[in-house]
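**Student:** Just so you know, we're using UniProt numbering here: the sequence shown kicks off at 1 and counts up by one.
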Amino acid sequence: MAETLKKRHSIPRIELANITKQYPGCLANDNVSLTLMPGEIHALLGENGAGKSTLVKTIYGVVSPDSGDIIWDGKAVSIKSPSKARELGIGMVFQHFSLFETLTVSQNIELCLTPLQLTKIGNLASSITALSEKYGLNVDPDSYVHSLSIGERQRVEIMRCLVQSVKLLILDEPTSVLTPQEVSGLFQVLRTLAQEGCSILFISHKLHEVTEVCQQATILRAGKVIDTCEPAKETPASIAKMMVGELAEQDAGYSKKEGLHTVFSMTSLNLATKHPFGTSLKDISFELKAGEILGIAGVAGNGQDELMAIISGEDERNTGAALALEKQSIGQLSAAQRRKLGMAYVPEERLGRGAVPDMSLTENTLLTHSQGFIKSGIVQWKPLTDYAKKLIAQYKVKCHGEFSEAKSLSGGNLQKFIMGREIGQNPKVLVCAHPTWGVDVGAALAIHQALLRLRDQGAAILLVSEDIDELFLLADRMAAVCDGHLSPVVKTLDTSIDEIGQWMAGTFIHSPSHHSEETTA
Ligand SMILES: Nc1ncnc2c1ncn2[C@@H]1O[C@H](COP(=O)(O)OP(=O)(O)OP(=O)(O)O)[C@@H](O)[C@H]1O
């Protein structure tokens, strides 16, 4: 397939030649060369911190390389800004969307177009409708963004690129926030675009998706291209091996356990959302037991954020006895008081909520981990830095040491550090969202092992995730949230991906037998 593409179009869409980018103390891209033909879907793979984001940001004009050339449609170009990239026909969909919720789809798209582009397009709404039909994007120009699901918002971002006649579309981990159905819809759109000659560059840690949709892959390690392959001829395991070596073949030792006594409970919690486009929690009850992992599946935006915030105490409303830790009511306690009692959290948002971007890793450790590190009001820096160093080594966090600022770490490395920091508190209750989001296969395995070890030591773990496969691997019992309702809680071994998928779509909500606690023994 890739061969025929190359024969059909002799001029590559883009060629990167010896791109090098040095950050203080870190060679993020080291003589990277890569060629993309028109109509080629190309995966950029590598461990956390391998240099993938740096490379795509270079193409999109966000990062300027120290040396190397970019050749676009046969001509050397200098891409100094995203607007220059867009002018050439390069579009990028980031992991975090940048849409205004109070505006319509059309208004959002209009904001990123120049007056000249707008004149060329003419009627923007009809152009969106036409493109939507052509590519099966199902995007209504008049819908308000707040009413759209995550998958729909992503399609708006893609539409934003399409109206600008994109010739190269870059997607940074596009599937991590989508349901399985949305992922197959996205792939269909990508295939149609590619058939028309649009090149696609795709960063992903989900290797089975790469083998399904990409024709070529470039694998980076420590900033260098270490291999290329045709994913269709590989397996996820063989690609993982190229990325991280032998580790990929290990098994985390997954097993299912029966929980012991109840450690944490939520009883008939009703909570109106504070956010105009948030989700109210509706009569939620569940029990979390010592020595178990309870997984909560759901499409983003169905109450997960609100649930996490009220459990952690970040939402400061007093819920009294609706929340209990070891039979004591904790709904009236602050987040810090709950932490002192043995609760730990990993929020979805790494920078800003999981870690303070401008603080070092050592300082970030102190934020949630003061026990033993503060004596008579004075910070004990030596044990604190030693502990941060230990976390860095244990979770193989790639950084320039314990004094690196959180914002200088790649996404996956920061996630590893935050997970390590929270697991390291040996909490009684650990509540975490998307534990391995953006984390490479090797590191995901290490995080899984750490979570299972923590469970086996008797901790009660609540995992909130959109990744159903991961929940089935880790959770002992499972439930799903939809529109602020919690489904029945069942043993993982007694349910199926199909049933949980239906619950994620809300089939349990109107059923007369719906109640929030387990019915099966
Ligand atoms: N602004 C910065 N200052 C210093 N170092 C940086 C900066 N941005 C990135 N780095 C370093 O450059 C290296 C490559 O980071 P990059 O974000 O490109 O990796 P990645 O392959 O995209 O990782 P991930 O899969 O975790 O997103 C990392 O070691 C990172 O710590």
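Where is the CB? At the ideal position from N, CA and C, for every residue including glycine.
Would you give the residue range spanned by the alpha helix (DSSP H) that Phe94 belongs to?
**Tutor:** For this step, residue 94 is matched to residue 94 along the sequence shown. Element bounds for Phe94: n/a, residue is neither H nor E.
**Student:** For Phe403, collect the residues of the same chain with a Cβ closer than 6 Å to its Cβ; drop the 5 residues on either side in sequence, then sort them by chain order.
**Tutor:** Walking along the sequence shown from the start, residue 403 turns up at place 403. Ser360, listed in sequence order.
**Student:** For the alpha helix (DSSP H) that contains Gln22, what are its first and last residues?
**Tutor:** Against the sequence shown, residue 22 aligns to sequence position 22. Here Gln22 belongs to no alpha helix (DSSP H); instead the beta strand (DSSP E) covers Ile14 to Tyr23.
**Student:** How would you call Trp72, buried or exposed, if buried means at least 16 neighbouring beta carbons within 10 angstroms?
**Tutor:** One-based indexing of the sequence shown puts residue 72 at position 72. Trp72 is buried by the Cβ-count criterion.
**Student:** Counting only the same chain and skipping the five closest in sequence on each side, list residues whose C-beta sits under 6 Å from that of Pro231.
**Tutor:** Taking the sequence shown and counting its residues from 1, the one referred to as residue 231 is at position 231. Hits under 6 Å: Val210, Thr211, Cys214 and Ala217.
**Student:** Assuming Asp476 contacts Ile293 (C-beta within less than 8 Å), just tell me the rounded distance between them.
**Tutor:** For the purposes of this step, residue 476 is identified with residue 476 of the sequence shown, where counting begins at 1. For the purposes of this step, residue 293 is identified with residue 293 of the sequence shown, where counting begins at 1. About 5 Å; that satisfies the 8 Å criterion.
**Student:** Report back the beta-carbon spacing between Val263 and Ala388 to the nearest angstrom; my notes put them in contact at under 8 Å.
**Tutor:** Reading the sequence shown from its first residue, position 263 is the one you call residue 263. Reading the sequence shown from its first residue, position 388 is the one you call residue 388. Incorrect: roughly 28 Å between the Cβ atoms, too far for contact.
**Student:** Going by DSSP, which residues form a beta bridge with Asp69?
**Tutor:** Residue numbering aside, residue 69 sits at position 69 when the sequence shown is read from its first letter. DSSP output for Asp69 lists Ala17 as bridge partner(s).
**Student:** Leaving aside the five residues before and after Met308 along the sequence, list all residues of the same chain whose C-beta is less than 8 Å from its C-beta, in chain order.
**Tutor:** In the sequence shown, residue 308 corresponds to position 308, counting from 1. The answer, listed in chain order, is Glu314, Tyr345, Pro347, Glu348, Val431, Ala433 and Val464.
**Student:** On the DSSP bridge assignment, give the partners of Ile329 in chain order.
**Tutor:** In the sequence shown, counting from the first residue as 1, residue 329 sits at position 329. Inspection of the sequence shows that residue 329 is occupied by Ser rather than by Ile. Ser329 is bridged to Ala324.
**Student:** Following a CB-centred definition, is Gly412 positioned closer than 7 Å to any heavy atom of ligand 1?
**Tutor:** Here residue 412 refers to the residue found at position 412 when the sequence shown is read from its first residue. Because some heavy atom of ligand 1 lies under 7 Å away, the Cβ of Gly412 counts as near it: yes.
**Student:** The alpha helix (DSSP H) that contains Gln117, what's its start and end?
**Tutor:** The residue you call residue 117 lines up with position 117 of the sequence shown. Pro115 to Ile121 is the extent of the alpha helix (DSSP H) around Gln117.
**Student:** Does the count of Cβ pairs from the stretch 421-431 and the stretch 23-33 closer than 8 Å reach three?
**Tutor:** No: fewer than three Cβ pairs fall under 8 Å.
**Student:** Give a single yes or no on whether Pro24 has its beta carbon closer than 7 Å to a heavy atom of ligand 1.
**Tutor:** As a working mapping, residue 24 is identified with position 24 in the sequence shown. Flag set: Cβ of Pro24 near ligand 1.
**Student:** Do you know offhand how far Gly301's Cα is from Ser312's?
**Tutor:** Locating residue 301 in the sequence shown gives position 301, counting from the first residue. Locating residue 312 in the sequence shown gives position 312, counting from the first residue. Between Gly301 and Ser312, the C-alpha separation is close to 18 Å.
**Student:** Among the candidates Leu323, Gly298, Asn270 and Lys52, whose CA atom is the shortest distance from the CA of Leu288?
**Tutor:** Taking the first residue of the sequence shown as 1, we reach residue 288 at position 288. Per the Cα distances, Leu323.
**Student:** Report the rounded CA-to-CA distance for Val166 versus Leu131, giving the unit in angstroms.
**Tutor:** Within the sequence shown, residue 166 is the residue found at index 166, counting from 1. Within the sequence shown, residue 131 is the residue found at index 131, counting from 1. Distance between the alpha carbons of Val166 and Leu131: 12 Å.
**Student:** Could you tell me which uninterrupted beta strand (DSSP E) segments, each at least 3 residues in length, are contained entirely in the stretch 414-443, listed from first to last along the chain?
**Tutor:** The qualifying runs are 429-433.
**Student:** Please classify Thr495: does DSSP put it in a helix, a strand, or coil?
**Tutor:** Residue numbering aside, residue 495 sits at position 495 when the sequence shown is read from its first letter. Correct three-state label for Thr495: coil.
**Student:** Could you pull out every residue in the same chain whose Cβ sits closer than 8 Å to the Cβ of Lys416, ignoring the five residues on either side in sequence?
**Tutor:** Here residue 416 corresponds to residue number 416 of the sequence shown, with the count starting at 1. Contacts found: Asn48, Tyr395, Lys396, Val397, Val439, Ala443, Ala446 and Ile447.
**Student:** Taking all protein chains shown into account, decide if Gln195 is buried (16 or more other Cβ within 10 angstroms of its Cβ) or exposed.
**Tutor:** For the purposes of this step, residue 195 is taken as residue 195 along the sequence shown, with counting starting at 1. Burial call: exposed.
**Student:** Going by Cα to Cα distance, which pick from Leu45, Glu499, His510 and Cys482 is closest to His205?
**Tutor:** By one-based count along the sequence shown, residue 205 stands at place 205. Considering only alpha carbons, the answer is Leu45.
**Student:** Apart from the five residues on each side of it in sequence, which residues of its chain come closer than 6 Å, Cβ to Cβ, to Leu88?
**Tutor:** Locating residue 88 in the sequence shown gives position 88, where the first residue counts as 1. Trp72, listed in sequence order.
**Student:** Could you give the first and the last residue of the continuous beta strand (DSSP E) run that contains Phe100?
**Tutor:** Indexing the sequence shown from 1 puts residue 100 at position 100. From DSSP, Phe100 is part of no beta strand (DSSP E); its letter is neither H nor E.
**Student:** From the DSSP secondary-structure annotation, give me the bridge partner or partners of Cys482.
**Tutor:** For the purposes of this step, residue 482 is identified with residue 482 of the sequence shown, where counting begins at 1. Its beta-bridge partners are His485.
**Student:** Does the stretch 118-128 come close enough to the stretch 93-107 that 3 or more CB-CB pairs lie under 8 Å?
**Tutor:** Judged by Cβ distances under 8 Å, the stretch 93-107 makes contact with the stretch 118-128, as three or more pairs qualify.
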